[in-house]
Amino acid sequence: MTEFFIQTNKREELIDITALIEEKVKGFNNGIAHIFVPHATAGITINENADPNLPVDITNFLNRLVPKGKWLHDRIDNNADSHIKASIIGNSVSIPVKEGKLQLGTWQDIFLCEFDGPRRRKIIINVIQLK
Amino acid sequence: MTEFFIQTNKREELIDITALIEEKVKGFNNGIAHIFVPHATAGITINENADPNLPVDITNFLNRLVPKGKWLHDRIDNNADSHIKASIIGNSVSIPVKEGKLQLGTWQDIFLCEFDGPRRRKIIINVIQLK
Amino acid sequence: MTEFFIQTNKREELIDITALIEEKVKGFNNGIAHIFVPHATAGITINENADPNLPVDITNFLNRLVPKGKWLHDRIDNNADSHIKASIIGNSVSIPVKEGKLQLGTWQDIFLCEFDGPRRRKIIINVIQLK
Chain U
1 MTEFFIQTNK REELIDITAL IEEKVKGFNN GIAHIFVPHA TAGITINENA DPNLPVDITN
61 FLNRLVPKGK WLHDRIDNNA DSHIKASIIG NSVSIPVKEG KLQLGTWQDI FLCEFDGPRR
121 RKIIINVIQL K
Chain X
1 MTEFFIQTNK REELIDITAL IEEKVKGFNN GIAHIFVPHA TAGITINENA DPNLPVDITN
61 FLNRLVPKGK WLHDRIDNNA DSHIKASIIG NSVSIPVKEG KLQLGTWQDI FLCEFDGPRR
121 RKIIINVIQL K
Chain V
1 MTEFFIQTNK REELIDITAL IEEKVKGFNN GIAHIFVPHA TAGITINENA DPNLPVDITN
61 FLNRLVPKGK WLHDRIDNNA DSHIKASIIG NSVSIPVKEG KLQLGTWQDI FLCEFDGPRR
121 RKIIINVIQL K
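Chains as they are written, first to last, in the working numbering: chain U, 1 to 131; chain X, 1 to 131; chain V, 1 to 131.
Below, the structure written as structure tokens:
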């Protein structure tokens, strides 16, 4: 088990963490990389970063889908929208690893999804070895 | 492989199953807990339960997002909305386990998501051991 | 690690791949089947296929939820909606396997979700063996 931290900069943003994950799986041969975000107002997703507008589109889509300030939980903590987004996107991904390399497709990158930043976020990585 | 059953009480509700899962992983050292719901009208998600309004907000959000009675499948079985919600939320989560403890964040709890209750729901748990 | 290819036929459709996955896990005893789609405009979900209208409902729901042609990425490649749908649905599922059989529920089938077809799509399968 290994973990690292990412400092986010905005309330909502997608941050490409592909290179950081690639670094962590280098020592492994064949397996499944499991990447887990231990937060209830952040998520993780796999999508394209060749066009940096795409993560912005995903953020904008979610902002329109889940408006702020309309929810019961907002009376306590003004971030119900952030929690709802986390349940839509999910808080873990798992990716095949072959000869130390993530088997991502050409257009796949890994994004930490910040929904209630700026914050310092933890990411936990495990590689399940395959025989 | 171990499994247990939960009786749900409403058509839509989120039920906190964290304590039940914690109990199941106690015997394991390091691994990944895989929790699978073998149903097409229920799901599983990780989110906050410190404020019990939050699971209600998630239920309300999904009810507004996916209205009832508008879908082709409703001619056969009046629960297309339940199925669609299940595909949005997903039917499994996987969580790192360290020294017999789920590595959940401070604000993370595990919820069975009932979208077509009341029903008796099965939950299947496996722990993948890590070296 | 094993992989196979599926030719899709429409821009948006759900294709039942359950039988193909069942074939791949036959040689294994107990484990977790991990099924990964290495594409950023396709996904994978588990839902019902007993009524073939249900996958159509899911496609229609997503088409209404994520309209075409409104996004920044559409200036480069007219498929931002396809990418956004992929992040909602997710690009992997994992399913318990017992004595060579997927432990799916009665109403669960596995669907490749095409959001930007027709295309030739790759699916990567691994089975994590359990002790």
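Ideal Cβ positions, reconstructed from N, Cα and C, are used throughout, including at glycine.
- Item | Proximity below 8 Å, CB of His-73 of chain X to CB of Leu-54 of chain V | Cβ atoms of His-73 of chain X and Leu-54 of chain V: closer than 8 Å.
- Item | Nearest residue (CA-CA) to Ile-17 of chain X, options X:Asn-49, X:Ile-76, X:Asn-78 and X:Ile-58 | Looking at the Cα atoms, X:Asn-49 is the closest of the given residues.
- Task: Output, in chain order, the set of chain X residues within a Cβ distance shorter than 7 Å of Asn-126 of chain U.
- Result: Chain X residues near Asn-126 of chain U: Ile-32, Pro-96 and Leu-130.
- Query: Among X:Ile-44, X:Ile-21, X:Asn-30 and X:Arg-11, which has the Cα closest to the Cα of Gly-90 of chain X?
  - Reply: Put simply, of X:Ile-44, X:Ile-21, X:Asn-30 and X:Arg-11 the residue whose alpha carbon is nearest the alpha carbon of Gly-90 of chain X is X:Ile-44.
- Item | Rounded straight-line distance, which links the Cα of Ser-87 of chain X to that of Asn-30 of chain X | Between Asn-30 of chain X and Ser-87 of chain X, the C-alpha separation is close to 30 Å.
- Task: Can you check the segment 17-71 of chain V for any alpha helix (DSSP H) of at least 4 residues that lies completely inside it and give the ranges in chain order?
- Result: The qualifying runs are 18-25 and 53-65.
- Message: By the three-class DSSP mapping on this structure, what secondary structure does Arg-75 of chain U have?
- Response: The answer is helix: DSSP assigns Arg-75 of chain U an H, G or I state.
- Glu-114 of chain V, buried or exposed, once every other Cβ within 10 Å from all chains shown has been counted against 16: Buried is the call here.
- Query: Between Gly-90 of chain X and chain V, is there a C-beta pair that is closer than 8 Å?
  - Reply: With its beta carbon less than 8 Å from one in chain V, Gly-90 of chain X belongs to the interface.
- Roughly how many angstroms separate the alpha carbons of Ile-124 of chain V and Val-37 of chain V, rounded to a whole number? Each residue's Cα considered, the two are about 6 Å apart.
- Quick one: what does DSSP say Asp-116 of chain U is sitting in, helix, strand or coil? Three-state DSSP puts Asp-116 of chain U in coil, outside helix and strand.
- Does DSSP put Lys-98 of chain U in a helix, in a strand, or in coil? Annotated three-state conformation of Lys-98 of chain U is strand, per DSSP.
- Query: What does Glu-48 of chain U reach in chain V if we use C-beta pairs closer than 7 Å?
  - Reply: Here the neighbours are Ala-40 and His-83.
- Task: Might you give, ordered along the chain, the residues of its own chain that have their beta carbon closer than 7 Å to the beta carbon of Ile-21 of chain V, omitting 5 neighbours on each side?
- Result: Apart from sequence neighbours up to five positions away, the residues of its chain that approach Ile-21 of chain V with a beta-carbon distance below 7 Å are Ala-33, Ile-35, Leu-102, Ile-110 and Ile-125, ordered along the chain.
- Message: If the criterion is Cβ atoms closer than 8 Å, does the pair Leu-14 of chain X and Ile-76 of chain X meet it?
- Response: No Cβ-Cβ contact shorter than 8 Å links Leu-14 of chain X with Ile-76 of chain X.
- Task: Measure the alpha-carbon distance for Thr-106 of chain V versus His-39 of chain X and round it to whole angstroms.
- Result: So the alpha carbons of these two residues sit roughly 8 Å apart.
- Item | Straight-line gap, Asn-79 of chain V to Ser-94 of chain U (C-alpha atoms, nearest Å) | Taking the straight line from one Cα to the other gives about 24 Å.
- Item | Given Glu-23 of chain V as reference, the closest of V:Thr-8, V:Asn-9, V:Arg-11 and V:Glu-3 once Cα atoms are compared | Among V:Thr-8, V:Asn-9, V:Arg-11 and V:Glu-3, the Cα nearest to that of Glu-23 of chain V is on V:Glu-3.
- Can you give the beta carbon distance from Val-66 of chain X to Ile-46 of chain X, rounded, assuming they're within the 8 Å contact cut? The pair is not a contact, with the Cβ atoms about 21 Å apart (cut-off 8 Å).
- Span separating the alpha-carbon of Val-127 of chain V from that of Gly-69 of chain U: Those two C-alpha atoms are separated by around 44 Å.
- Task: Would you list the one or two residues that DSSP bridges to Leu-104 of chain V?
- Result: Answer is none; Leu-104 of chain V lacks a bridge partner.
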